[in-house]
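There are 2 protein chains.
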Amino acid sequence: MTRILYSLCGRDESRPFSPHCWKVSLALAHKGLDFIEKPVAFTEIPKLEGGFSRTVPILKDGDRLVRDSFDIALYLEDTYPDRPTLFGGEGGKALSRLVEGFSQTLIHPVLTKIAVKDIHDMLAEPDQVYFRESREARLGQTLEAFSAAREAALADLSLRLEPVRHTLKLQPFIGGATPLFADYILFGALQWARVTTGLALLPDEDPVALWFGRCLDLHGGMGRAVA
Amino acid sequence: MTRILYSLCGRDESRPFSPHCWKVSLALAHKGLDFIEKPVAFTEIPKLEGGFSRTVPILKDGDRLVRDSFDIALYLEDTYPDRPTLFGGEGGKALSRLVEGFSQTLIHPVLTKIAVKDIHDMLAEPDQVYFRESREARLGQTLEAFSAAREAALADLSLRLEPVRHTLKLQPFIGGATPLFADYILFGALQWARVTTGLALLPDEDPVALWFGRCLDLHGGMGRAVA
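Those sequence lines, one after another, are chains A and B.
Just so you know, my numbering puts 167 at position 167 of the first sequence, and the rest follows in order with no gaps.
Just so you know, my numbering puts 1181 at position 181 of the second sequence, and the rest follows in order with no gaps.
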C-alpha cells in the first residue's frame, strides 16, 4: 500500500511550504508511517483525486481520503492508536484546537506581512520590476518603506510568541517532554516562513528559536532538509 | 478536616478578585471538594501560615500547604485522581501551560490597562482627587485622555481573544465538551476584570462572552455570585 500526502509547492517541487502540509508530514513521521509526498501547484489541487478537496493537505491512506490537517491528525490518532500519540489524551485533543487558533489567528497574519518583501527578492529580474511597480502602486509606498513596516511586524511576532516562551520555560516542547501535534501546528507556521523567506525571524538565543531548532531536528531532520 | 483557600480581596472581603485564586476556586469545585475561602489583603499574605508564600493562592489541605495556582491544580489532580479530571491526560497538562502563557502574557497586560480608570471610579472621593492628580502627573495626560487609550486596549483585547473564538467554533469549552483547568485559567483573567471594573468587555453575542457566561454558571454559579 502506498500512502500519499498531497502538499503544496511553488515552482520548485523540492520546497513544499504549506504550513498545514508540514503539520501532516511531521504527524505521519511521528506515527512512524511511511508516505510519499506529492507537492503540487495551487492550480493542480482541484484536479486531485476526482476533485476531492479545494485545499491541501490531502492524505490518501489505502482507499481512505482525508483532508484538513487537524482532521488528518485525528484520523491518524484513531487509526493508529498503538503508535506514539499525537495528542496525549482527550484534553490534549481539545487544547490543540486553541493552539491551532493561536497559530492561525495571531501568528499567520504577522508572518504573511513579513513574507511580502522576500517574495519580491525570490523573483527573477523581470518579475521583480513588475512586482515592484504593481505593489508600490497598490501600497502607496516603496517596498523599502514597506519593509520598515516589516520590522514592526517582526516585533509584533516576537510579542505574540510570548505564550510560547512562557511554556518553554517549563518544558522543552509545547507537548511537554516530547513533542505532540501542538508542536507541529506552530512549527508548520514558522517553517512556512523559513522556506519562503529564508529569514531568521528571531534571535538565535530566543527560546522559541531554540525550540524551532529542536523541531527541525525531529524525525531524521526532515524539516531541516528543506531550505 | 477543614480545607482552606487563602485568596485576595480589596476593602470588600466579599469580592475576591485575584485571577489566580479564581482558577483554584473553580478547580476545587470541579473536583467536588469543599473548602473555606479566606480572602486577605495584600499586606496580610506574608503573615499567613508562618510566611509560607509571598503570594496567594495558598491551599491548606489537611496538613499540606501548596502555593501557585498551576501547582495547586497539579496537586489536586494527583491527590484526587478519582474525581473529575482537570487536565484530561498528560497532553492536556502540557498544553495547559500554553493556555497559562496565553492568559498571562497576552491577556493580563491588556486587562491591566483597561482596569485603570475603573479603579479610580471605585475609590472614595478624597482618594479620587489624590488618584487623579498623581496618575495624571505620571501619565502626562488626563484620565479621560487615557481612557481613549482604553478603547484601543479593548480593541486589542478583542484581537488577542481570536484564538479562543476559533476554538469555540468547534467546541463549547476550551477543554472540549466540558470545561477543564484551561477554561478556569482564562476565566480567572476575565473574572478579575469583571469584579474590579464591572465592565462588559465584549459584546454580549461575542462567542467569548457567551463562553464566559457558561463559566459563570458552573458549579452552582459560584463565579456569578460575586459581582
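Yeah, the Cβ is synthetic: ideal placement off N, Cα and C, and Gly gets one too.
Next on the checklist: Out of B/1227, B/1149 and B/1165, which one is the CA nearest neighbour of residue 1117 of chain B?
Outcome noted: In the second sequence, counting from the first residue as 1, residue 1117 of chain B sits at position 117. It is B/1149.
Checklist entry - For the 8 Å Cβ check, are there 3 or more pairs between the region 81–93 of chain A and the region 177–186 of chain A? => result yes
Checklist entry - Tell me, which residues are paired with residue 1052 of chain B by DSSP? => result In the second sequence, counting from the first residue as 1, residue 1052 of chain B sits at position 52. DSSP lists no partner for residue 1052 of chain B.
Checklist entry - Between the region 1082–1093 of chain B and chain A, which residues of the former have CB atoms less than 8 Å from a CB of the latter, in chain order? => result The region 1082–1093 of chain B vs chain A, Cβ under 8 Å: 1085, 1087, 1088, 1089, 1090, 1091, 1092 and 1093.
Item to check | Contact list for residue 182 of chain A against chain B, beta-carbon separation under 9 Å | outcome: The residue given as residue 182 of chain A occupies position 182 in the first sequence. Ordered by position in chain B, the residues that pass the 9 Å Cβ test against residue 182 of chain A are 1091, 1094, 1095 and 1098.
Item to check | Of the listed residues A/27, A/51, A/16 and A/22, nearest to residue 39 of chain A (C-alpha basis) | outcome: Position 39 of the first sequence, counted from the first residue, corresponds to residue 39 of chain A. The candidate whose alpha carbon is nearest that of residue 39 of chain A is A/16.
Checklist entry - At a Cβ threshold of 9 Å, is residue 175 of chain A touching chain B? => result Mapped onto the first sequence, residue 175 of chain A falls at position 175. Judged by the 9 Å Cβ criterion, residue 175 of chain A is in contact with chain B.
Checklist entry - Since residue 164 of chain A meets chain B, which of its residues come closer than 8 Å, beta carbon to beta carbon? => result Residue mapping note: residue 164 of chain A aligns to position 164 of the first sequence, counting from 1. Result: 1098 and 1101.
Checklist entry - In whole angstroms, what is the alpha-carbon distance linking residue 1107 of chain B and residue 158 of chain A? => result Within the second sequence, the letter at position 107 stands for residue 1107 of chain B. Within the first sequence, the letter at position 158 stands for residue 158 of chain A. C-alpha separation (whole angstroms): 15 Å.
Item to check | Secondary structure of residue 163 of chain A, DSSP reduced to three states | outcome: Residue mapping note: residue 163 of chain A aligns to position 163 of the first sequence, counting from 1. In the structure shown, the three-state DSSP call for residue 163 of chain A is helix.
Item to check | Of the listed residues B/1055, B/1004, B/1101 and B/1199, nearest to residue 1062 of chain B (C-alpha basis) | outcome: As a working mapping, residue 1062 of chain B is identified with position 62 in the second sequence. When each option's Cα is compared against that of residue 1062 of chain B, the closest is B/1004.
Checklist entry - Can residue 1175 of chain B and residue 91 of chain A be called in contact, C-beta distance under 9 Å? => result Translated into the one-based positions of the second sequence, residue 1175 of chain B becomes position 175. Translated into the one-based positions of the first sequence, residue 91 of chain A becomes position 91. Closer than 9 Å, so yes.
Item to check | residue 154 of chain A beta carbon less than 9 Å from that of residue 201 of chain A | outcome: The sequence position of residue 201 of chain A within the first sequence is 201, counting from 1. The sequence position of residue 154 of chain A within the first sequence is 154, counting from 1. Yes; because the gap between Cβ atoms is below 9 Å, this pair is in contact.
Item to check | Where residue 58 of chain A sits in the DSSP three-state scheme | outcome: The residue labelled residue 58 of chain A in the question sits at position 58 within the first sequence. Here residue 58 of chain A sits in strand by DSSP.
Checklist entry - For residue 34 of chain A, which of A/45, A/76 and A/50 has the nearest alpha-carbon? => result Your numbering for residue 34 of chain A matches position 34 in the first sequence. Selected option, being the one with the closest Cα: A/76.
Item to check | Distance between residue 1023 of chain B and residue 1162 of chain B (C-alpha atoms, nearest Å) | outcome: Start at 1 with the first residue of the second sequence, and residue 1162 of chain B comes out as number 162. Start at 1 with the first residue of the second sequence, and residue 1023 of chain B comes out as number 23. Answer to the nearest angstrom: the Cα atoms are 21 Å apart.
Checklist entry - For residue 1176 of chain B, which beta-bridge partners are listed by DSSP? => result Numbered from its first residue, the second sequence carries residue 1176 of chain B at position 176. Per DSSP, B/1173.
Checklist entry - Which residues in chain A sit within 8 Å of residue 1105 of chain B, going by Cβ to Cβ distance? => result Against the second sequence, residue 1105 of chain B aligns to sequence position 105. Neighbours of residue 1105 of chain B on chain A, chain order: 162, 163, 165 and 166.
Item to check | Inter-residue spacing [alpha-carbon to alpha-carbon] between residue 1212 of chain B and residue 50 of chain A | outcome: Position 212 of the second sequence holds residue 1212 of chain B. Position 50 of the first sequence holds residue 50 of chain A. Distance between the alpha carbons of residue 1212 of chain B and residue 50 of chain A is about 44 Å.
Checklist entry - What are the complete beta strand (DSSP E) segments, minimum 3 residues, inside the region 62–89 of chain A? => result 64–67
Checklist entry - residue 226 of chain A lies in the beta strand (DSSP E); which residues open and close that run? => result In the first sequence, residue 226 of chain A corresponds to position 226, counting from 1. Residue 226 of chain A -> no beta strand (DSSP E), and no H or E assigned at all.
Checklist entry - Thinking C-beta only, is residue 189 of chain A closer than 9 Å to residue 98 of chain A? => result Counted from its first residue, the first sequence places residue 98 of chain A at position 98. Counted from its first residue, the first sequence places residue 189 of chain A at position 189. Going by beta carbons, residue 98 of chain A and residue 189 of chain A fall outside the 9 Å limit.
Checklist entry - With residue 1185 of chain B and residue 1096 of chain B assumed to form a contact (beta carbons below 8 Å), what rounded beta-carbon distance in angstroms separates them? => result Position 185 of the second sequence holds residue 1185 of chain B. Position 96 of the second sequence holds residue 1096 of chain B. Yes, residue 1185 of chain B and residue 1096 of chain B are in contact; Cβ-Cβ is about 7 Å, under 8 Å.
Item to check | Same chain, Cβ closer than 6 Å to residue 1093 of chain B, five either side skipped, listed in chain order | outcome: The residue you call residue 1093 of chain B lines up with position 93 of the second sequence. For residue 1093 of chain B, where only same-chain residues beyond five positions count, the Cβ hits under 6 Å are 1087.
Item to check | Residues of its chain near residue 1207 of chain B, where Cβ-Cβ distance is below 6 Å and the 5 sequence neighbours each way are ignored | outcome: Here residue 1207 of chain B corresponds to residue number 207 of the second sequence, with the count starting at 1. Once the five neighbours on either side are set aside, the close Cβ partners of residue 1207 of chain B are 1165 and 1168.
Item to check | Burial state of residue 1047 of chain B (16 or more Cβ within 10 Å) | outcome: For the purposes of this step, residue 1047 of chain B is taken as the residue at position 47 of the second sequence. It counts as exposed.
Item to check | Cutoff 9 Å: residue 1171 of chain B Cβ touching any chain A Cβ | outcome: As a first step, residue 1171 of chain B is located in the second sequence; it is residue number 171 there, counting from the start. Residue 1171 of chain B counts as touching chain A.
Checklist entry - Are there 16 or more other CB atoms within 10 angstroms of the CB of residue 1059 of chain B, so buried, or fewer, so exposed? => result Mapped onto the second sequence, residue 1059 of chain B falls at position 59. Buried is the call here.
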